[in-house]
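Note that full-length UniProt numbering numbers the sequence shown so that position 71 is 71, with each residue one more than the last.
Glycine included, every Cβ here is placed at the ideal spot set by N, Cα and C.
Have a look at the structure below before the remarks.
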Amino acid sequence: MSIKTADKIFADAVKARDNWICQYCLQPINKYTSLEFFDCSHFRKRSRYQTRWSMRNCVSAHRECHNEYELDPKKHTKFWVDRIGQDEVDELIQLSNAPLPTFKSFYGSREHLKELRERKYHE
């Protein structure tokens, strides 16, 4: 499976988990917000494969909100500390910085994506 396909399946699962509500402004997607501008926002960047497909590392967001928080690291970090707590933030940072061979290879695997698809349609 390609990374692009895995990212799409994962992003859809995050958006479904969040009931298609932007977690930054708490407003739902509406007729003025196309799906094209509704993102999966990562606390630790997608380039960090250790946390790329971790549900606890992502929220759904309007593109405008996503950009606003990404451009202000202090605001972005405060959002995540308020959302999941400092201990969880520290754990995500540590996991995202771990050498690739040590992180759980389950994330992004076919089994993980199957679980995400099932969760998306059964929640």
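* Asked: Counting Cβ pairs, one atom from each stretch, are 3 or more of them under 8 angstroms apart for the stretch 4-17 and the stretch 47-64?
  -> yes
* To do: Take Glu118 and list the residues in its own chain whose beta-carbon comes closer than 7 angstroms to its own, dropping the five residues that flank it on each side.
  => none
* Given that a residue counts as buried once 16 or more other Cβ atoms are within 10 Å of its Cβ, and exposed if not, what is Leu116? -> buried
* Asked: What residues match up with Val59 in a beta bridge as DSSP calls it?
  -> Ser41
* Asked: Are the CB atoms of Trp80 and Phe43 nearer to each other than 8 angstroms?
  -> yes
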